[in-house]
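Taking it in order: structure first as structure tokens, then the write-up.
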Amino acid sequence: MSTVLLRHMAVGQKGVITRVTALGELGRRIRDMGIVPGTPLQIQGRAPLKDPVAVRVRNFTLTLRNNEADYIFVEVDEPA
Amino acid sequence: MKPMTEYLIALAGNPNCGKTTLFNAITGARQHVGNYPGITVEKKEGFHLFNGKKLRLVDLPGTYSLTAYSLEELVARDFLVHERPQLVINIVDASNLERNLYLTLQLLELGIPVVLALNMMDAAANRGIEIDVEELSKRLQVRVVPTIARSGQGKEDLVTAAAAIAATDPPWKPLHISYGADIDPVLDQMEADIKGAQFLTDLYPARWVALKYLEADEQVLQKGKAVNAELSARLEAIAESVDAHLQKTLETYPEAIIADHRYGFIAALLKGGVVRNKQKTDRLYFSDQLDQVLTNRFFGPLLMLVILYVVYKFTFDYSTVPVAWFEAGFSALGDLMGSLLPPGLIKSLVVSGIINGVGSVFSFVPLIMFMFLAIAFLEDTGYLARVAYMLDRIFRTFGLHGSSVMAYIVSGGIAGGCAVPGVMATRTLRSPRERLATLLTAPFMNCGAKLPVFAMLIAAFFPARHAQMMFLLTLLSWLLALCMARIIRWTILRGPSTPFLLELPPYRLPTVKGLLIHTWERTWQYIRKAGTIILALSVLFWALMTFPSLPESERQLFETRRQQLQNQLPQPASSAAAADPSTASGDQEQMQEQLLAIDRDEALATLKNSYAGRFGMALEGVSQWCGFEWRTNVALLAGFAAKELIISTLGTAYSMGELDQEQGVSLGERLKSDPHWDRLKAFALIVFIMLYAPCLATVTCIAKEAGAFKWALFSMCFNTTVAFVMAVMIYQGGRWLGLGG
């Protein structure tokens, strides 16, 4: 068990969100999409240039830029 | 006859939940698209007659939430509180219930009566999701109706339920959610204060206002300050102390706690068998498998190129034929009017001013229809979101958004597009700054109307390098458009990029009805534009190039020349002429030729004397910096009305008569033999035409899409400045390097 930034997760890796530190508009947008602590997620893929990242969460696919993923901490089972 | 009872019903829901499909299914073709006053967000309204009652349905913009951050959310929220519809039909995607219910909770907290349309029941069933509709309805205390918008299933039940509830005109009953020990007591206190002072309670429920103060909602704070500054300041102070406390003890913020509790509420709501998932959640569905190919690192970009190229070919190839019909129709109309009207100003106004001007713009109609059909298809299938996802990294570097690519390509990113549908295509972009930067730079692309001018100049001055030159120009337009976007985003549209956070909806086959309605709406908006503003501007440009007319003395000179010529003609009716018809017709032909030459000279003199001509000559002092003389200036001025007019005006200015675009070759030969022209000047002109002010039709669209006339004005000035600077750099730089001559 270890906590990593969403940016550093590998494709296919699963985890549970522990903390979202984004403020203001970005923070609200992230939370509106259901990215709140306690939510399980899985990395579904990355764009051809490695950014943005596609995440499977709450039965849908959300894409976000790496610098947006930097505000999201995820507890993963095993290190990537 | 007594007026029919009318109920106002709003449709709310997340993007991609099938809201518009359901709206189309209920209202059919009885709908109307407009804008909310003063902004560019679309307002769709439609009617449905039910048991002698008229249901007026308003399709609110698709939103994930009801905050004050985006225009769409503000519009949706303001509509609900100001227009007070009897009822909201909240459409939720049954296969994605948790996130969709987040908006539902906010509607319920506002207190507005809600009917829940549990849409996409088929997709949910396919994914093994079972929903206990009755239990959900009981727990939420709202009517829940399962629907499948695509097939119209459940539509009648939904309308019946909505009409029945609207008829009782239920009062607003705000839902109270517990936000935990840190927030609830404060919320109670604030609610009491707000109720006591009747603070904003004419619009919003008291607890909702308190919640917005904790969330630091800009709009509510502003309204509060205006109504009761003292109480507003006190509430803000309370919110700040809660904020400080939460940061110190839990390292979090009221907003975050509120969102957490809403999602907690939803989780509790769906527990105990309300939603059952029969399949493992991490199973790969067809849509995900498709994504493994379509967004693959190697195949993704490759397939994207192919798909975008096909869209482009579809739009521009298939519209060629109807565009030609339109053009032929307008030209026939012009000929007809030309033969009916007596020669003179009226005829010139009707034929050259009105029919030519409006015709050149109306000819785009089929093109715009095809373009919107193609874009609606890409958007509704879900592929456009993938394009944005794959290209965002590149476009972000220039301050744009992944979705900007569509507008660029349609505008002529693949040479031969059109900036009018390109500017309209930016509607798929939801980030305001990125959208504006995209629509301001898209006209730099090489649209189809610029190409004949390029072709003429390249054929004349760079005959051996046609393909290379065209390729170079395409690269140059992309490079300059992207760099200018970067500059715009660093200066007048400075600001951080809007959060990306884009949902990739599952791939779906769009409904034909949806595509057609969507396409027609957009096209109709364009037609209305062309019929009004563009008509007025076409007449203005015609006047500029016609007035003041030649002074009588000069006109007399041309008349005398004609007379002289006709007098030279050998008298007919002689037996010699009858015996040898070939000589006679030879003479005739020659004379016709000479008469036409006089006409052309007169047209040149008229043009030179007109306001446009004077303007062109007045500008020579400046334009000589990039090597243009007055003839070019006039042609460029005409090109502002429509780029197609550049060649025909150059033709007049070089005394060659009005040329068709296909006749550019002879004009090219003429320019090549003119001592004033050389390759350097030709290249400077090409670059200038590529970059300078967009045509009237585009400028009109920019004004409409950007929501303010100042952006249209900015576009004209900015683009012309950029074009001038580039052309001067090319011409002066080239001369310095000794490339001229």
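Chain order of the listed sequences is A and B.
Residue numbering for the first sequence follows the numbering used here, beginning at 58 and increasing consecutively.
Residue numbering for the second sequence follows the numbering used here, beginning at 865 and increasing consecutively.
The C-beta atom is built at its ideal place from N, Cα and C for all residues, glycine as well.
Every value quoted in this text rests on a predicted model; they were computed, and no experiment measured them.
Item to check | Cβ contact check for the region 1375 to 1387 of chain B and the region 887 to 894 of chain B: 3 or more pairs under 8 Å | outcome: yes
Next on the checklist: In the DSSP output, which residue or residues are listed as bridge partners for Leu-913/B?
Outcome noted: Lys-918/B
Checklist entry - If you draw a straight line from the C-alpha of Ala-1443/B to the C-alpha of Gly-1202/B, how long is it? => result In this prediction, Ala-1443/B scores a pLDDT of 48, lower than 50, which makes its location untrustworthy; the coordinate-derived value is nonetheless stated afterwards. If I take the Cα positions, the gap works out to 37 Å.
Next on the checklist: So for Leu-1169/B, helix, strand or coil by DSSP?
Outcome noted: helix
Next on the checklist: Please confirm whether Phe-130/A has its beta-carbon closer than 8 Å to some beta-carbon of chain B.
Outcome noted: no
Next on the checklist: Please report the straight-line C-alpha distance between Met-1309/B and Ile-100/A, rounded to a whole angstrom.
Outcome noted: 37 Å
Checklist entry - Under 8 Å between the Cβ atoms of Leu-1408/B and Val-1222/B? => result no
Item to check | Distance, Glu-1385/B Cα to Arg-894/B Cα | outcome: 12 Å
Item to check | Interface positions of the region 114 to 126 of chain A facing chain B (Cβ-Cβ less than 8 Å), listed along the chain | outcome: Arg-115, Asn-116, Phe-117, Thr-118, Leu-119, Thr-120, Leu-121, Arg-122, Glu-125
Next on the checklist: Ignoring anything shorter than 4 residues, give me the alpha helix (DSSP H) runs that lie fully in the region 971 to 1000 of chain B, in order along the chain.
Outcome noted: 985 to 990
Checklist entry - Is Val-1187/B helix, strand or coil when you go by DSSP? => result helix
Next on the checklist: Tell me the residue span of the alpha helix (DSSP H) that contains Glu-1484/B.
Outcome noted: 1484 to 1487
Next on the checklist: Thr-1383/B and Ala-1240/B - do their beta-carbons sit closer together than 8 Å?
Outcome noted: yes
Checklist entry - What is the rounded straight-line gap between the Cα of Arg-1008/B and the Cα of Tyr-1149/B? => result For clarity, residue 1008/B is Val in the given sequence; the question names Arg instead. Computed Cα separation, rounded: 27 Å.
Checklist entry - What's the gap between the Cα of Ile-1102/B and the Cα of Ile-1122/B? => result 16 Å
Next on the checklist: I'd like to confirm the pairing. Which residues does DSSP put opposite Gln-1017/B in its beta bridges?
Outcome noted: Ile-1012/B
Next on the checklist: Any beta carbon of chain A sitting closer than 8 Å to that of Gly-1164/B?
Outcome noted: yes
Next on the checklist: Pop quiz: Pro-925/B and Gln-950/B are said to be a contact at Cβ under 8 Å. What is the actual Cβ separation, rounded to whole angstroms?
Outcome noted: Incorrect: roughly 20 Å between the Cβ atoms, too far for contact.
Checklist entry - Under three-state DSSP, which class holds Glu-1508/B? => result coil
Checklist entry - Unbroken alpha helix (DSSP H) runs of length 4 or more, entirely within the region 1354 to 1433 of chain B: which are they? => result 1376 to 1393, 1399 to 1410, 1416 to 1432
Checklist entry - What do you get for Ala-1614/B, buried or exposed, if any count of 16 or more other CB atoms within 10 angstroms of its CB means buried? => result The question about residue 1614/B has no answer, for chain B in this structure spans 865 to 1605.
Checklist entry - So is Cys-1282/B buried or exposed if we call it buried at 16+ other beta carbons inside 10 Å? => result buried
Item to check | Segments assigned alpha helix (DSSP H), at least 4 residues, entirely inside the region 1301 to 1352 of chain B | outcome: 1315 to 1325
Checklist entry - What are the residues of the region 1480 to 1505 of chain B that lie near chain A, defined by any Cβ-Cβ distance shorter than 8 Å? => result none
Checklist entry - To the nearest angstrom, how far is it from the Cα of Met-1334/B to the Cα of Tyr-1182/B? => result 23 Å
Item to check | Contact set between Gly-72/A and chain B, taken where Cβ atoms lie within less than 9 Å | outcome: What Gly-72/A touches in chain B: nothing, since even the nearest Cβ is about 13 Å away.
Next on the checklist: Quick check on Lys-1081/B: buried or exposed, where buried means 16 or more other Cβ atoms within 10 Å of its Cβ?
Outcome noted: Strictly speaking, residue 1081/B in this sequence is Asp, with Lys absent from that position. When all chains shown are included, Asp-1081/B counts as buried.
Checklist entry - Quick one: what's got a C-beta closer than 7 Å to Leu-1067/B's C-beta in the same chain, skipping five residues either side? => result Val-945
Checklist entry - Looking only at C-alpha atoms, which of Pro-105/A, Ile-74/A, Asp-108/A, Gly-102/A sits nearest to Val-93/A? => result Ile-74/A
Checklist entry - Buried or exposed: where does Lys-1314/B fall if 16 or more other Cβ atoms within 10 Å of its Cβ makes it buried? => result buried
Item to check | Cα-Cα separation, Gly-72/A to Ser-1267/B | outcome: 30 Å
Next on the checklist: List, in chain order, every chain B residue whose beta-carbon is nearer than 9 Å to that of Ala-147/A.
Outcome noted: In this structure chain A extends from 58 to 137, so residue 147/A is not present and cannot be described.
Checklist entry - How about Pro-1069/B and Leu-972/B: do their beta carbons lie closer than 8 Å? => result no
Checklist entry - Looking only at C-alpha atoms, which of Phe-1326/B, Leu-1237/B, Gly-1276/B, Phe-1364/B sits nearest to Arg-1299/B? => result Phe-1364/B
Checklist entry - If the cut is a Cβ gap below 8 Å, which residues of chain A does Tyr-933/B touch? => result Glu-82, Arg-85, Arg-86
Next on the checklist: Three Cβ pairs or more, each shorter than 8 Å: is that satisfied between the region 1000 to 1007 of chain B and the region 1050 to 1059 of chain B?
Outcome noted: no
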